[in-house]
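These notes are about the structure you will find just below.
There are 2 protein chains.
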Amino acid sequence: MTLKVLVIGAGGVGVLTAYSLFHRAKCEVSLVVRSDYEKAVQDGYEIDSCDYGQIHNWKPHHLYRSIEEASASGQFFDYLVVTTKNIPDGPSPVRKFIEPVLKSCFENWDPKTGKSLNVFLVQNGIDIELEIIDLLKADHLCSDGVHGPKVTLLSGVQMIGSTKIGNCQILHKGQDYLIMGAFDPKDTLAISKVAEFKDLYWNEGKNHFELDENVKWSRWRKLVYNATINPLTAIVGLDFTRTLLFGFDGSTEFGILRPAMKEILAIAKSDGHIIPEEVMDYMIDCDRTMVYKPSMMVDVEKTQLMELEVILGNPLKVAAQNKVPCPNLTLLYNIGKIIQGRTKEKIGMITFNEKTGNLE
Amino acid sequence: MTLKVLVIGAGGVGVLTAYSLFHRAKCEVSLVVRSDYEKAVQDGYEIDSCDYGQIHNWKPHHLYRSIEEASASGQFFDYLVVTTKNIPDGPSPVRKFIEPVLKSCFENWDPKTGKSLNVFLVQNGIDIELEIIDLLKADHLCSDGVHGPKVTLLSGVQMIGSTKIGNCQILHKGQDYLIMGAFDPKDTLAISKVAEFKDLYWNEGKNHFELDENVKWSRWRKLVYNATINPLTAIVGLDFTRTLLFGFDGSTEFGILRPAMKEILAIAKSDGHIIPEEVMDYMIDCDRTMVYKPSMMVDVEKTQLMELEVILGNPLKVAAQNKVPCPNLTLLYNIGKIIQGRTKEKIGMITFNEKTGNLE
């Protein structure tokens, strides 16, 4: 029986994830596309990928206009792969939009299959799993309050220089490097599902897949990049190479990024995770002359909200609990919040009254 | 004999300064206008001023297209009032552009008058006088290497919410508060010239003039605003009120501005100047709901260079000498430098090669 995977989110990461599964051809791939739906159905995707080459007019097995439409399709999905932005302060927090498809999977679950429902979060940040665990605990997902599939929670981080540069146009510049593990390292069912997903996803010689026994460590590691380079480029509105060079005298690297990265290392350490200092060199050197626009910078450029809370807000909560001083991250976060507010005004989430000088 | 004043710089501050002198009607006012020259000659200025009301089609006694043109006019100016931006890293540093008019004043000086040449810097920042002192020491200003007027160096800071909002259009929202003193508090000639200038400038009941026996203290005081609110609004690209509100939870004020302001107080203290903590409240409260765009923010918006070096670079040099830790100011400065680099690319001062990922 063919395994069914629903990929939620059709940005640079989501489309590449769906394509990698499709290319491997071991499962049925469904993709939730919102703004690009019409064009995706008609023409498919144009993908310029360093892993897979030039791909024209590509479509997954199924396209859905919304999560509600995917939920209403009457299917049980073996895997829900969440690749959307994770923005708790935005209009569409993960917990809210994943609830309907979880419910429909519970409804459409056939006990005879003995299948588990596997939720895989391929998203940035730290402590993003907690709200899903809360949601899964809720009894209301089972129609009878008792029966339902076992649920596993899988967590992944992806280093992938992939960006949606236009309507159904994806530019993928850095090898897809997916690190995946069970959120609970003691959950043997979840661990077996990670192995199963590897078989569905890994295209040898193309993308890179790594089983991860300590996925939280990997999340902290990725934050070395994401909590520093990502918000800084968003604040200054420049690609990473310009951001590095325009400081002159190395002040961007040695006056901002490395001090901020050291703070991430210190918070991670306070949380029990040792990230080696060499990771800082790697994160800076890998994109040094790549003229790459990190995701938050692209968000600001496109007047979209950034994943500021899960990437910078949550680490700073851990820092506050563990009393780790973080002057650089704190300032980047506080400036980032103002930039986020600027976007919130532009997209109409908040209204500023010029006459009173106050928010309405 | 009528005193002649040359105002150099026709931005929000320069035009208001020239107008205040003109309104007092005790001297002959010349103004160097660059980009707005044609319109200024033809239509004059439109000024919307909280001190002077609505002023239409105003012109000073003389308009010059450039400093060279003012220099070539064959006059001796009693006062050179420099109100331009002070940008040592830009294409037109003060030392460079003031040299020709200093030379012409030396040439056109009549020993029989016994007049002094008085250079008045109404500019932001700290330690901006040093390069002018160097220049005045140079023998080449006197044609015969011996004779020439005595030169005084006057220094002023101005709190004035005045902005050029269009071609020859000035919007002036906060009362002109000029604080002026001799750069060298022991120079009695300079002190007498400050008193003379007060008589030329002060329009009782309109603008405010304050004699200053410790002008460096006043410069540090103004930096409480200029080294914090000014660069922050430039970085986030918002007026001050939005910058304050969009951080939410008071994080702009208590997480960025007050910590940075405390650092300015600490550097000033290390330089021998005690600024009271209440100044921080004043600086934040005076513009809290004014929806005012500080000068650096306007510079970035207009793709102009900011006075970053004299406002943030120079204080941080003092901090480094005196070993005052300034994490917040340092980060604001380092981010500000990247924003300045962004402008430098836009105006063609630097060229970035996208293919090599390097500056050319």
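Sequence lines, in order, name chains A and B.
FYI, in the UniProt record's numbering the residues of the first sequence are 1 to 360.
FYI, in the UniProt record's numbering the residues of the second sequence are 1 to 360.
Where a beta carbon is used, it is the ideal one built from N, C-alpha and C, also for glycine.
Quiz item: Which partner residues does PHE120(A) have in the DSSP bridge list?
Solution: Counting from one through the first sequence, the residue named residue 120(A) turns up at place 120. VAL81(A), LEU154(A).
Quiz item: Using a beta-carbon distance below 9 angstroms, is MET290(A) in contact with chain B?
Solution: Along the first sequence, read from residue 1 onward, the residue named residue 290(A) stands at position 290. So, interface residue.
Exercise. Name the residue from ASN328(A), ASN334(A), ILE47(A) whose alpha carbon lies nearest to the alpha carbon of SER162(A).
Key: Position 162 of the first sequence holds residue 162(A). Taking only the C-alpha atoms, the option nearest SER162(A) is ILE47(A).
Exercise. Pick out whichever of GLY348(A), THR289(A), ILE126(A), LYS344(A) has its Cα sitting closest to the Cα of VAL318(A).
Key: Translated into positions along the first sequence, residue 318(A) becomes position 318. The shortest C-alpha separation from VAL318(A) is found at ILE126(A).
Quiz item: Using 8 angstroms as the threshold, is the segment 60-69 of chain B in touch with the segment 174-189 of chain B, meaning 3 or more CB pairs across them?
Solution: no
Exercise. Express the C-alpha separation of GLY9(B) and TYR45(B) in angstroms, rounding to a whole number.
Key: The count along the second sequence starts at 1 and reaches residue 45(B) at position 45. The count along the second sequence starts at 1 and reaches residue 9(B) at position 9. About 14 angstroms.
Quiz item: Cβ of VAL122(B) less than 9 angstroms from any chain A Cβ?
Solution: Position 122 of the second sequence, counted from the first residue, corresponds to residue 122(B). False, the Cβ-Cβ gap to chain A never drops below 9 angstroms.
Self-check item: Segment limits, alpha helix (DSSP H) that includes GLU345(B)
Solution: The count along the second sequence starts at 1 and reaches residue 345(B) at position 345. Start and end: 327-346.
Quiz prompt | For VAL32(A), the nearest candidate out of GLU360(A), VAL41(A), ARG24(A), SER270(A) (CA to CA) | solution = For the purposes of this step, residue 32(A) is taken as residue 32 along the first sequence, with counting starting at 1. Ranked by Cα distance from VAL32(A), the options GLU360(A), VAL41(A), ARG24(A), SER270(A) are led by VAL41(A).
Exercise. Go through its chain and collect everything with a Cβ distance to LEU21(A)'s Cβ below 7 angstroms, but skip five positions before and after it.
Key: Taking the first sequence and counting its residues from 1, one reaches residue 21(A) at position 21. Around LEU21(A): VAL5, CYS27, VAL29, LEU200, TYR201.
Self-check item: Best match in ILE170(A), VAL300(A), GLY341(A), LEU232(A) for proximity to ASP36(A) [C-alpha to C-alpha]
Solution: Position 36 of the first sequence, counted from the first residue, corresponds to residue 36(A). Looking at the Cα atoms, ILE170(A) is the closest of the given residues.
Self-check item: alpha helix (DSSP H) runs contained entirely in the UniProt domain "Ketopantoate reductase C-terminal" (214-337) of chain A, provided each spans 4 or more residues
Solution: 215-226, 229-236, 240-246, 258-270, 278-286, 295-301, 314-321
Practice problem: Indicate the three-state DSSP secondary structure (helix, strand or coil) for GLY205(B) in the structure shown. | Solution: Start at 1 with the first residue of the second sequence, and residue 205(B) comes out as number 205. In the structure shown, GLY205(B) sits in coil (DSSP, three-state: anything other than H, G, I, E or B).
Exercise. State the DSSP-derived secondary structure class of HIS147(B), mapped to helix, strand or coil.
Key: As a working mapping, residue 147(B) is identified with position 147 in the second sequence. Residue state for HIS147(B) is assigned as coil, using DSSP reduced to three classes.
Practice problem: Reducing DSSP to helix, strand and coil, say where THR113(B) ends up. | Solution: The residue labelled residue 113(B) in the question sits at position 113 within the second sequence. Three-state DSSP puts THR113(B) in a helix.
Quiz item: Can you name the residues of chain A whose CB is closer than 8 angstroms to the CB of VAL236(B)?
Solution: As a position in the second sequence, residue 236(B) is number 236, starting the count at 1. ILE235, ILE335, ILE338, ILE339, ARG342, listed in chain order.
Quiz item: Quick one: what does DSSP say HIS23(A) is sitting in, helix, strand or coil?
Solution: Residue mapping note: residue 23(A) aligns to position 23 of the first sequence, counting from 1. Secondary structure of HIS23(A) (DSSP, three-state): helix.
Quiz item: GLN123(A) to MET306(A), Cα distance in whole Å?
Solution: Taking the first residue of the first sequence as 1, we reach residue 123(A) at position 123. Taking the first residue of the first sequence as 1, we reach residue 306(A) at position 306. When only Cα atoms are considered, GLN123(A) and MET306(A) end up about 13 angstroms apart.
Quiz item: List, in order along the chain, the chain B residues whose C-beta lies closer than 8 angstroms to that of ILE256(A)?
Solution: Here residue 256(A) is taken as the residue at index 256 of the first sequence, counted from 1. Going along chain B in sequence order, the residues near ILE256(A) (Cβ under 8 angstroms) are LEU331, ASN334, ILE335.
Exercise. Take SER92(A) as the anchor and find which of HIS273(A), GLN304(A), GLU360(A), LEU223(A) has the nearest alpha-carbon.
Key: Taking the first residue of the first sequence as position 1, residue 92(A) is located at position 92. Closest by alpha carbon: GLN304(A).
Exercise. May I ask which residues mark the beginning and end of the alpha helix (DSSP H) holding VAL41(A)?
Key: On the first sequence, position 41 is the one that residue 41(A) refers to. Where VAL41(A) is concerned, the enclosing alpha helix (DSSP H) stretches over 37-43.
Quiz item: Relative to the alpha-carbon of LYS323(A), which residue among ASN334(A), ILE275(A), LYS269(A) has its alpha-carbon at the smallest distance?
Solution: Position 323 of the first sequence holds residue 323(A). The shortest C-alpha separation from LYS323(A) is found at LYS269(A).
Exercise. Taking 9 angstroms as the cut-off, decide whether the C-beta atoms of LEU232(A) and LEU136(A) are in contact.
Key: Sequence index remark: in the first sequence, residue 232(A) carries index 232 (1-based). Sequence index remark: in the first sequence, residue 136(A) carries index 136 (1-based). Not closer than 9 angstroms, so no.
Quiz item: Beta-carbon of ASN328(B) versus every beta-carbon of chain A: anything under 9 angstroms?
Solution: On the second sequence, residue 328(B) is found 328 positions in, with the first residue counted as 1. Yes, because at least one Cβ of chain A sits closer than 9 angstroms to the Cβ of ASN328(B).
Quiz prompt | Test item: CB-CB of LEU117(A) and LEU130(A) under 9 angstroms | solution = In the first sequence, residue 117(A) corresponds to position 117, counting from 1. In the first sequence, residue 130(A) corresponds to position 130, counting from 1. No, the pair does not count as a contact, with Cβ atoms beyond the cut-off.
Exercise. Would you identify the three-state DSSP class for GLU129(A), choosing helix, strand or coil?
Key: Your numbering for residue 129(A) matches position 129 in the first sequence. Three-state result, GLU129(A): coil.
Quiz item: So, using beta-carbon positions, are PRO149(B) and LYS115(B) closer together than 9 angstroms?
Solution: Locating residue 149(B) in the second sequence gives position 149, counting from the first residue. Locating residue 115(B) in the second sequence gives position 115, counting from the first residue. Between PRO149(B) and LYS115(B), the gap from beta carbon to beta carbon is short of 9 angstroms.
Quiz prompt | According to DSSP, residues forming a beta bridge with LYS4(A) | solution = Residue 4(A) sits at position 4 when you count from the first residue of the first sequence. Beta-bridge pairing links LYS4(A) to GLU28(A).
Quiz item: So, is the C-beta of residue 361(B) closer than 9 angstroms to a C-beta in chain A?
Solution: In this structure chain B extends from 1 to 360, so residue 361(B) is not present and cannot be described.
Quiz item: For the candidate residues VAL236(A), GLY166(A), CYS286(A), ILE229(A), whose alpha-carbon lies nearest to that of LEU329(A)?
Solution: Counted from its first residue, the first sequence places residue 329(A) at position 329. For the residues VAL236(A), GLY166(A), CYS286(A), ILE229(A), the minimum Cα distance to LEU329(A) belongs to ILE229(A).
Self-check item: Extent of the continuous alpha helix (DSSP H) to which ILE98(B) belongs
Solution: One-based indexing of the second sequence puts residue 98(B) at position 98. ILE98(B) -> alpha helix (DSSP H) spans 94-107.
Practice problem: Rank HIS147(A), ILE98(A), ASN108(A), ILE160(A) by C-alpha distance to the C-alpha of ASP134(A) and give the top, closest one. | Solution: Here residue 134(A) refers to the residue found at position 134 of the first sequence. Closest option to ASP134(A), Cα to Cα, is ILE98(A).
Quiz prompt | the segment 232-245 of chain A touching the segment 335-344 of chain B, judged by at least three CB pairs closer than 8 angstroms | solution = yes
Exercise. Let me know the alpha helix (DSSP H) ranges lying completely inside the segment 46-91 of chain A, each 4 residues or longer, listed in chain order.
Key: 67-71
Quiz item: Where does GLU210(B) sit, in a helix, a strand or coil, going by DSSP?
Solution: Taking the first residue of the second sequence as 1, we reach residue 210(B) at position 210. If DSSP states are grouped into helix, strand and coil, GLU210(B) belongs with the strands.
Exercise. Give a yes or no on whether the C-beta atoms belonging to PRO315(A) and ILE284(A) are separated by under 9 angstroms.
Key: Counting from 1 along the first sequence, the entry for residue 315(A) is found at position 315. Counting from 1 along the first sequence, the entry for residue 284(A) is found at position 284. No, the Cβ-Cβ distance between PRO315(A) and ILE284(A) is not below 9 angstroms.
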